Amino acid sequence: MSKQRVYPAAIGLLLGNLPEINRLPTSQPLTPTLGPSRHRRQHNHRPVSCQREQPPSSASPSPPLYHYNLVNPYPGSWSALVPTVVQYFQRRAKNTPIPIESVPFVDWLAALQASAALGSEDVPKNPGIKLLGFYEEMSELSGRDGYVLETSETGRTSDSMRCLTPVGKEWMGIWLEQWAF
1 MSKQRVYPAA IGLLLGNLPE INRLPTSQPL TPTLGPSRHR RQHNHRPVSC
51 QREQPPSSAS PSPPLYHYNL VNPYPGSWSA LVPTVVQYFQ RRAKNTPIPI
101 ESVPFVDWLA ALQASAALGS EDVPKNPGIK LLGFYEEMSE LSGRDGYVLE
151 TSETGRTSDS MRCLTPVGKE WMGIWLEQWA F
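Taken in order, the sequence shown gives residues 1 to 181; the numbers are from full-length UniProt numbering.
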């Protein structure tokens, strides 16, 4: 993941707050593979089994699949990640505590727009400015159901994808370290 992605840019703390959002990043850490999973875990919160399914019988061949949607079918909750993000930045601030609050998305967007109006000098400190158009479109679509990519075929094909867990504080901690804010 890079700092140019949607959620790392939203976490830029020049504004002193984090947006309240309903959807989470569905990108996966680079460690899982599409091959067979070495760790077959059963999780109660998922409707599918992590056990490999039997391939279809040759009597009823299914058409070939030409693509997979590589997104987490169990994205989790942004509000559950906010404490991890806040702790990360407060730990990095050392002696100077950073006041960080979670605000409604529209308020965060207004602060981002005000920051963008100051000119390009804020961009390195506030990378969310680069994605301002995307966030504005996201705001226009708020209240509507977003699209959800179909992942059932991907899960049938890949143990690793089928056995993913929702995005949680552990992954967010890893991403924050990798983004090196």
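Glycine is no exception: its CB is placed at the ideal position from the N, C-alpha and C atoms. Since the model is a prediction, treat every value here as computed from it, not as a measurement.
- Secondary structure of S102 (DSSP, three-state): strand.
- Going by beta carbons, G128 and L141 fall outside the 7 angstroms limit.
- A residue is called buried once 16 or more other Cβ atoms fall within 10 Å of its Cβ, and G76 is buried on that count.
- Look at the beta carbons and you see the stretch 161-174 not touching the stretch 93-106: under three pairs across the two are nearer than 8 angstroms.
- Taking C-alpha positions only, A80 is separated from V86 by approximately 11 angstroms.
- If you look at E121, you'll find it isn't in any beta strand (DSSP E); DSSP assigns it neither H nor E.
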